[in-house]
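For what it's worth, numbering that gives the first Met the number 0 labels the leading residue of the sequence shown as 0, then goes sequentially.
Only one structure is covered here, and it is reproduced in the block below.
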Amino acid sequence: MKISTKGRYGLTIMIELAKKYGDRPISLKSIAKAHDLSEHYLEQLISPLRNAGLVKSIRGAYGGYVLADHPAKITAADVIRVLEGPISPVEGLDEEEPAKRELWIRVRDAVQEVLDSTTLEDLAKYSDGDEESYMFYI
């Protein structure tokens, strides 16, 4: 299973919004600049996130985007499913031999468990080299 730039950059947007949760709205321009990403590409990603109810847009001179809910209530899986679709390592599981089908189901379930149990709050609080930081297990 490979997460495309849609999922990766979408998570970048959401983590930045989680870090600023409760503050003023954040512009996509500032996120794009901070991470050296295309603002135009981020604009394409924010629309499905807004349509799914994960973010809200605020208009005006000091407008931008904010999370629609507390970062502890939004998971990495929520973001990935909106931008990438269903989480599955292979297509056509029903056509696989039983042993391989069971393997792919276990891989899918393990990935889903990690994404479902990782919140934006966890990701926003993560700091490299911090012994108390969040651990990711697959």
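All residues carry an ideal CB built from backbone N, CA and C; glycine is no exception.
Since the model is a prediction, treat every value here as computed from it, not as a measurement.
Report all residues from its chain with a CB closer than 7 Å to the CB of residue i; omit the five preceding and five following residues, and keep chain order.
i    : result
E120 : A17, P70, A71
L44  : K5, Y8, G9, I12, L82
S123 : Per the sequence shown, the amino acid found at residue 123 is Ala instead of Ser. Around A123: I14, A17, K18, P70.
On the DSSP letters alone, give me the boundaries of the beta strand (DSSP E) that residue i sits inside.
i   : result
V65 : 63 to 66
By DSSP's criteria, residue i is part of a beta bridge. Which residues make up the other side?
i    : result
T118 : T74
S56  : Y64
I25  : Y64
Measuring only the C-alpha atoms, how far is residue i from residue j?
i    : j    : result
A51  : R80  : 10 Å
V113 : R107 : 10 Å
I86  : E101 : 16 Å
E15  : E90  : 32 Å
S3   : G84  : 11 Å
L41  : P24  : 15 Å
V65  : Y20  : 7 Å
V78  : Y125 : 18 Å
May I ask you to check if the CB of residue i is nearer than 7 Å to at least one heavy atom of the ligand COA?
i   : result
S46 : For the structure depicted, the ligand COA is absent and the ligand set is empty, with no information on it obtainable.
The alpha helix (DSSP H) with residue i in it runs from where to where?
i    : result
K145 : Nothing can be reported for residue 145, as the shown portion of the chain is limited to 0 through 137.
Y40  : 38 to 50
Against chain B, does residue i count as a neighbour if the rule is that its beta carbon must be under 8 Å from one of theirs?
i   : result
A75 : The structure shown has no chain B; it contains just one protein chain.
Short of 8 Å in beta carbon distance, which residues of its chain neighbour residue i, apart from the five on each side in sequence? Order them along the chain.
i    : result
L92  : R100, W103, I104
L36  : Y8, T11, I30
T118 : P70, A71, K72, I73, T74, A75
Ordered along the chain, which non-local residues of its own chain (more than five positions away) have a Cβ less than 6 Å from that of residue i?
i   : result
H34 : T11
Cβ contact check for the region 85 to 100 and the region 41 to 58: 3 or more pairs under 8 Å: no
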